[in-house]
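Below is one structure; the comments refer to it alone.
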Amino acid sequence: MTRVGEFRLQRQKNGRGYFGHVKVRVTPSATSSVSWAIPDGDPASLQTRADAEFVEAALAGVRDGLDLVRALGTEVDGHQVEIVQALAYLTDLDESAVHAAGVLAVADAFGAQDRFDLTFDAGWRVTPSSPA
Numbered sequence: 000m001t002r003v004g005e006f007r008l009q010r011q012k013n014g015r016g017y018f019g020h021v022k023v024r025v026t027p028s029a030t031s032s033v034s035w036a037i038p039d040g041d042p043a044s045l046q047t048r049a050d051a052e053f054v055e056a057a058l059a060g061v062r063d064g065l066d067l068v069r070a071l072g073t074e075v076d077g078h079q080v081e082i083v084q085a086l087a088y089l090t091d092l093d094e095s096a097v098h099a100a101g102v103l104a105v106a107d108a109f110g111a112q113d114r115f116d117l118t119f120d121a122g123w124r125v126t127p128s129s130p131a
């Protein structure tokens, strides 16, 4: 079964804009992997050469998202996760926002987005929600 997850962070904090957007496709696979599946030259998305630090932030966010979802008890092994969209909005693009979007896109794909909190403290962070 293919799953899709997506998250867009577009917020103002202390008079500054922050933007990050990541969409993932998750498919069953014999080996687990995380990859960048956006074609070079896609005018709407981040590019591996020109936007390397943001591409790495998205990939790291997806990997961290898998670890966080796994820690909640969700089976994530045996899946291939591809980043299929990472929108470029260069005015407010921020590495921590892109990373957080990657984490929450994975959480969305596994139906666990409501089990995490998005907070800001000198950058965007995603943490498991505290039990009520």
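Letter 103 of the sequence shown, counting from 1, is numbered 102 in numbering that gives the first Met the number 0, and no numbers are missing. From the three backbone atoms N, C-alpha and C, an ideal C-beta is built for every residue, glycine too.
| request: Give the C-beta separation of residue 75 and residue 102 to the nearest angstrom, bearing in mind that I take them to be a contact with Cβ-Cβ under 8 Å. | output: Mapped onto the sequence shown, residue 75 falls at position 76. Mapped onto the sequence shown, residue 102 falls at position 103. 13 Å between Cβ atoms; not a contact.
| query | How would you label residue 29, buried or exposed, when you count the other beta carbons within 10 angstroms and need 16 or more for buried? | reply | Your numbering for residue 29 matches position 30 in the sequence shown. Residue 29 is exposed by the Cβ-count criterion.
| message | If we require 4 or more residues per run, which alpha helix (DSSP H) segments fall completely within the region 70-125? | response | 94-108
| query | With a CB to CB cut of under 6 Å and the five nearest residues on each side skipped, what residues in its chain are close to residue 56? | reply | Translated into positions along the sequence shown, residue 56 becomes position 57. Answer for residue 56: 94, 97 and 98, listed in chain order.
| In chain order, which continuous runs of the beta strand (DSSP E) of length 3 or greater are located wholly inside the region 27-76? | 32-35
| request: Assuming residue 119 and residue 22 form a contact by the criterion Cβ under 8 Å, report the distance between their Cβ atoms to the nearest whole angstrom. | output: The residue labelled residue 119 in the question sits at position 120 within the sequence shown. The residue labelled residue 22 in the question sits at position 23 within the sequence shown. Rounded, the Cβ-Cβ distance is 22 Å, inconsistent with contact.
| query | From what residue to what residue does the beta strand (DSSP E) around residue 4 run? | reply | To locate residue 4, count along the sequence shown from 1; it is residue 5. Start and end: 2-12.
| query | Counting Cβ pairs closer than 8 Å, one from the region 47-67 and one from the region 30-39, do we hit at least three? | reply | yes
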